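Peer 1: The sequence shown stops at residue 575 when you use the numbering used here, and every number in between is there. I have a structure I would like to understand better, so I am pasting it below and will then ask my questions one at a time.
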Amino acid sequence: MKRARWVGLVLILLLALFPTSALALDYLFSLDELQVNVYVNEDSTASIAYTFVFTNAPGASPIDYIDVGMPNSSFSTSGITAQANGTSVPVSRSDYQGAGSGFAIVMGSKAIRPGQTGTVTVYVPDAGSWLRTDSKDSNYASFEFSPTWFGKEFMQGTTNMSITFHLPPGIKPEEPRWHGAPSGFPVEPMTGIDEQGRITYTWSNQQAEGYRQYDFGASFPVQYVPAGTVTQPTFTETTGINPDDLFGFMCCFGVIAIIFGSGVLSTLSAKRRKMQYLPPKIAIEGLGIKRGLTAVEAAVLMEQPLDKVLTMILFGVIKKSAASVVKQDPLEIRATDPLPEGLNDYEKEFLRAFESSPAGRKKALQEMMINMVKSLSTKMKGFSRNETVAYYKDIMERAWGQVEAAQTPEVKSEAFDKYLEWTMLDKDYDGRTRRVFTGPVFVPTWWGHYDPTFRPSTSAPRPSTVSMPSSGSSGGGSFSLPTLPGSAFAASMVQGVQNFSSGVVGNVSDFTSSITNRTNPPPPPSRSSSSGRSGGGCACACACAGCACACAGGGR
């Protein structure tokens with residue numbers, strides 16, 4: 020009897036000490052099968068085709084994103100196609116959370132549910148060029164590749180893994196060479212000829228581990244790819260230094276790094292926690308997409324930085340002729356009297372906030388954001404956040420597509436004006452704006468209400484074939500829309516966010532933290548939680564040949 024009491028007491032203490040880690044399952048799955056085909060094309064670029072077969076563990080979280088690591092950042096997302104059980108699903112570079120470079124497959128409504136098995140395929144037509152001059156024979160081009168792998172803590176079971184290299188067309192069977200195989204795989208690959216007449220090398224292992232990095236490589240005469248497309252070996256390859264030995268030397272400082280790193284990680288974790296202003300209940304899985312959100316509400320749903328969200332609201336009220344910027348730095352705006360009809364509640368609160376003193380303005384903007392988060396939480400009840408976010412990211416990409424596809428500055432400016440708020444959802448909005456607008460830009464009719472220093476010119480005629488949307492707030496008189504250099508236009512757009520950061524909200528982290536404490540307060544100190552994000556590392560372990568290893572992704 021006493022023994023039973025002691026056992027019961029120990030169990031109670033264990034549950035008290037580990038309430039979440041002991042009871043809550045996060046991501047847990049098996050990678051039953053992985054087939055990889057790597058095509059080295061005659062222009063020296065590579066294409067990759069993956070087939071994954073996942074089985075999600077009962078009681079685990081749905082597999083809603085799949086990170087696919089890439090050898091480097093030179094790959095193009097244009098043309099990447101992915102399917103889940105035969106149905107097309109989108110991919111996203113910005114959603115990738117693995118190590119190194121890569122992209123995420125956004126499963127959305129096709130997420131693999133607990134206890135279910137799903138087949139996911141993805142094809143990357145342009146994975147960049149990885150070829151290096153072979154360090155043992157300068158007449159040969161060489162490459163190494165590691166299939167993407169996943170966090171060990173989220174995996175169970177073994178993987179039936181098969182990797183096939185398709186070498187460039189025209190190579191004779193006796194010319195190419197394979198590199199040493201990783202442990203568990205046959206020393207010599209199975210050779211063959213594919214349907215295009217290419218020589219193939221195939222390595223297979225029915226008991227592979229999906230969380231482990233496996234390196235495979237091959238070399239072939241450099242004459243089969245264009246001159247100048249093969250780069251020289253790296254320092255470690257040329258000198259013969261073993262990267263593992265170099266890593267071992269670095270590990271001598273491991274204890275110091277761990278002590279220092281733990282403090283840094285703790286600080287970064289606390290900072291990241293401050294920026295998570297959405298309440299947990301909004302992430303509870305529902306069904307279907309919540310349509311009808313504004314671009315600003317979609318930005319909040321994505322937990323975009325709040326200085327960017329506020330800038331989106333600013334552009335919105337200016338385009339609706341509800342306000343004008345009086346001074347850009349520090350930012351001062353004047354509301355139109357009377358206000359136009361059709362403003363959203365958050366836009367009205369935004370304008371009222373700028374009627375306050377600088378100190379009161381900051382507090383009023385925080386209250387506005389808190390009200391918006393609460394309103395969004397109500398709208399999202401019963402809907403899937405993941406599917407909804409994927410839906411609005413697709414709108415964002417299509418908006419940019421309209422802008423980038425425009426053939427003339429006039430049409431490009433018209434499209435950008437029309438889809439401005441949606442393009443701002445892009446995490447790379449700053450860089451993309453600078454890249455897209457390199458030539459002259461026809462400024463929209465409301466530009467003078469955003470930039471008080473802007474003085475339109477009446478001398479340059481504007482083609483009558485282009486219809487630009489009007490905000491209804493032009494300053495009288497008849498004149499053609501002027502142009503700005505693309506760099507000046509892009510810089511002015513980006514500066515809007517910077518002005519909010521420096522002149523209105525101050526420290527963005529502190530501003531957001533005050534909102535997070537109300538909308539997503541931290542749990543009591545006695546509890547612990549886990550982020551549930553997948554791990555994975557990236558380490559190129561290349562010996563005699565050029566290193567082009569695919570970095571780890573993670574099933575999340």
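Even glycine gets a Cβ: it sits at the ideal position worked out from N, Cα and C. Everything numeric in this text was worked out from a predicted model, so none of it was measured.
Distance check for proline 357 and tyrosine 115, CA to CA, integer angstroms please.
Peer 2: One C-alpha to the other measures close to 46 Å.
Peer 1: List the whole-angstrom C-beta distance separating valine 523 from leucine 350, where the pair is believed to meet the contact cut-off of C-beta under 8 Å.
Peer 2: Confirmed, Cβ separation roughly 5 Å.
Peer 1: Helix, strand or coil for threonine 464 per DSSP?
Peer 2: coil
Peer 1: Of the residues Arg451, Ile190, Lys191, Pro208, which one's Cα is nearest the Cα of histidine 198?
Peer 2: Pro208
Peer 1: I need the boundaries of the beta strand (DSSP E) containing alanine 425, first residue and last residue.
Peer 2: Per DSSP, alanine 425 lies in no beta strand (DSSP E) and is assigned neither H nor E.
Peer 1: What does the alpha-carbon distance come out to for the pair glutamine 295 and lysine 446?
Peer 2: 16 Å
Peer 1: Buried or exposed, going by whether 16 or more other CB atoms sit within 10 Å of the CB of leucine 287?
Peer 2: Its pLDDT being 41, under 50, leucine 287 is placed unreliably by the model, and nothing is read from it.
Peer 1: Whole beta strand (DSSP E) runs in the stretch 109-146 with 3 or more residues, listed along the chain?
Peer 2: 120-125, 136-143
Peer 1: Is lysine 327 buried or exposed, if buried means 16 or more other CB atoms sit within 10 Å of its CB?
Peer 2: buried
Peer 1: When you compare each of Val462, Asp413, Arg454 to lysine 437 by their alpha carbons, which one comes out closest?
Peer 2: Val462
Peer 1: Going by the CB atoms, is the gap between phenylalanine 235 and isoleucine 190 shorter than 7 Å?
Peer 2: no
Peer 1: Which residues in the same chain as glutamate 360 place their Cβ atom closer than 7 Å to its Cβ, once the five residues preceding and following it in sequence are excluded?
Peer 2: Here the set comprises nothing.
Peer 1: If we count the other Cβ atoms within 10 Å of its Cβ and call it buried at 16 or more, is isoleucine 352 buried or exposed?
Peer 2: buried
Peer 1: For phenylalanine 184, which of Leu444, Trp419, Ala237, Glu374 has the nearest alpha-carbon?
Peer 2: Ala237
Peer 1: Using the three-state DSSP reduction, which class does leucine 219 fall into: helix, strand or coil?
Peer 2: For the record, residue 219 in the displayed sequence is threonine; it is not leucine. Three-state result, threonine 219: strand.
Peer 1: Count Cβ pairs between the stretch 135-145 and the stretch 92-108 that sit closer than 8 Å; are there 3 or more?
Peer 2: In short, these stretches touch, since the Cβ pair count reaches three.
Peer 1: Give the C-beta separation of lysine 309 and threonine 407 to the nearest angstrom, bearing in mind that I take them to be a contact with Cβ-Cβ under 8 Å.
Peer 2: 5 Å
Peer 1: Going by other Cβ atoms of all chains shown within 10 Å of its Cβ, with 16 needed for buried, is tyrosine 84 buried or exposed?
Peer 2: buried
Peer 1: From Pro245, Thr210, Asp153, Thr136, pick the residue whose C-alpha is nearest to that of leucine 223; which is it?
Peer 2: The sequence shown places serine at residue 223, rather than the leucine named in the question. Of all alpha-carbon atoms in Pro245, Thr210, Asp153, Thr136, the one lying nearest the alpha-carbon of serine 223 is that of Thr210.
Peer 1: For glycine 236, which beta-bridge partners are listed by DSSP?
Peer 2: Partner(s): Glu163.
Peer 1: In the DSSP output, what is asparagine 209 paired with across the bridge?
Peer 2: Residue 209 is actually methionine in this sequence, not asparagine. Paired residues: Thr221.
Peer 1: Pairs of beta-carbons, one from the stretch 379-398 and one from the stretch 418-432, closer than 8 Å: are there three or more?
Peer 2: Taking a cut-off of 8 Å for Cβ pairs, the stretch 379-398 and the stretch 418-432 do not touch, as fewer than three such pairs fall below it.
Peer 1: Taking 7 Å as the threshold (C-beta atoms), are phenylalanine 48 and alanine 76 in contact?
Peer 2: yes
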